[in-house]
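Residue 196 in this note's numbering sits at position 128 of the sequence shown; the count goes up by one each step and never skips.
The C-beta atom is built at its ideal place from N, Cα and C for all residues, glycine as well.
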Amino acid sequence: MINKIIEKYPKDDRSNLIALLQDVQTAYGYLPENDLRTVAEYVNLPFSTVYGVATFYNQFRLKPLGKNIIRVCRGTACHVKNSANILVAMETELGIKAGQTTRDKLFTLETVACIGACSLAPVININEDYYGRVVIKEIPKILNKYKKEDTPKNKIEQPESVQ
Numbered sequence: 069m070i071n072k073i074i075e076k077y078p079k080d081d082r083s084n085l086i087a088l089l090q091d092v093q094t095a096y097g098y099l100p101e102n103d104l105r106t107v108a109e110y111v112n113l114p115f116s117t118v119y120g121v122a123t124f125y126n127q128f129r130l131k132p133l134g135k136n137i138i139r140v141c142r143g144t145a146c147h148v149k150n151s152a153n154i155l156v157a158m159e160t161e162l163g164i165k166a167g168q169t170t171r172d173k174l175f176t177l178e179t180v181a182c183i184g185a186c187s188l189a190p191v192i193n194i195n196e197d198y199y200g201r202v203v204i205k206e207i208p209k210i211l212n213k214y215k216k217e218d219t220p221k222n223k224i225e226q227p228e229s230v231q
């Protein structure tokens with residue numbers, strides 16, 4: 069697949085590096101090391117330079133993401149409403165730390181500076197679903213929805229205790 073991606077770009081043209089990396093990440097969901105080496109050779113740059121670009125920009129990932137991306141808001145309103153405890157509870161429930169993916173590749177846990185739903189603090193986002201006024205005791209129930217194949221999408225939900 070990498071060959072189909074890179075052949076769209078002129079060989080030895082370093083100006084296309086970021087676009088090339090974006091296309092590789094779009095294809096795989098992350099930047100595999102072997103493909104970074106192929107890109108480096110194709111654009112005639114040292115691997116260390118390409119790796120440096122890939123690690124400098126937040127948009128690039130060097131590890132595959134899980135099927136479900138969990139984002140815990142750490143903005144001011146969420147912080148005041150104990151999002152730190154929500155994050156710890158998520159880490160405990162999933163057995164990973166923020167920035168990691170579960171071994172089964174089902175979940176990736178991330179923190180974000182602000183989700184933009186401050187009136188619903190604390191807020192988490194899983195894929196395209198948003199959960200407001202999250203309480204720790206609801207976390208296992210929320211996660212169980214994503215362990216099933218028939219997960220509803222594009223909903224704004226609140227734990228039962230808030231509705």
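Going by other Cβ atoms of all chains shown within 10 Å of its Cβ, with 16 needed for buried, is residue i buried or exposed?
i      : result
Pro114 : exposed
Ala181 : exposed
Ile138 : buried
Ala185 : buried
Met69  : exposed
Glu75  : exposed
Glu101 : exposed
Gly163 : exposed
Tell me which same chain residues have a C-beta within less than 8 Å of the C-beta of residue i, skipping the five on either side of it?
i      : result
Ile73  : Leu88, Asp91, Val92, Ala95
Leu99  : Leu89, Val92, Gln93, Ala122, Phe128, Arg129, Leu130
Glu159 : Lys165, Ala166, Leu177
Using a Cβ-Cβ cutoff of less than 7 Å, which residues in the same chain neighbour residue i once the five nearest sequence positions on both sides are dropped?
i      : result
Asn136 : Leu174, Phe175, Ile194, Asn195, Tyr214
Ile154 : Val140, Pro190, Ile192, Val202, Ile204
Leu188 : Gly200, Arg201
Let me check one thing: in DSSP terms, what residues is residue i bridge-paired to?
i      : result
Leu44  : The question about residue 44 has no answer here: the residues shown for the chain are numbered 69 through 231.
Asn193 : Arg139, Tyr198
Thr169 : Thr176
Give every residue of the same chain whose Cβ lies closer than 6 Å to the Cβ of residue i, excluding the five residues on either side of it in the sequence, and list them in chain order.
i      : result
Gly167 : none
Asn112 : Asp80
If you check the beta carbons only, do residue i and residue j fall under 9 Å apart?
i      : j      : result
Cys141 : Thr179 : yes
Tyr198 : Ile210 : no
Tyr110 : Tyr77  : yes
Ile86  : Glu161 : no
Is residue i close to chain C, meaning its C-beta is less than 9 Å from at least one C-beta of that chain?
i     : result
Asn71 : Annotation note: the requested chain C is absent from the structure, which comprises a single protein chain.
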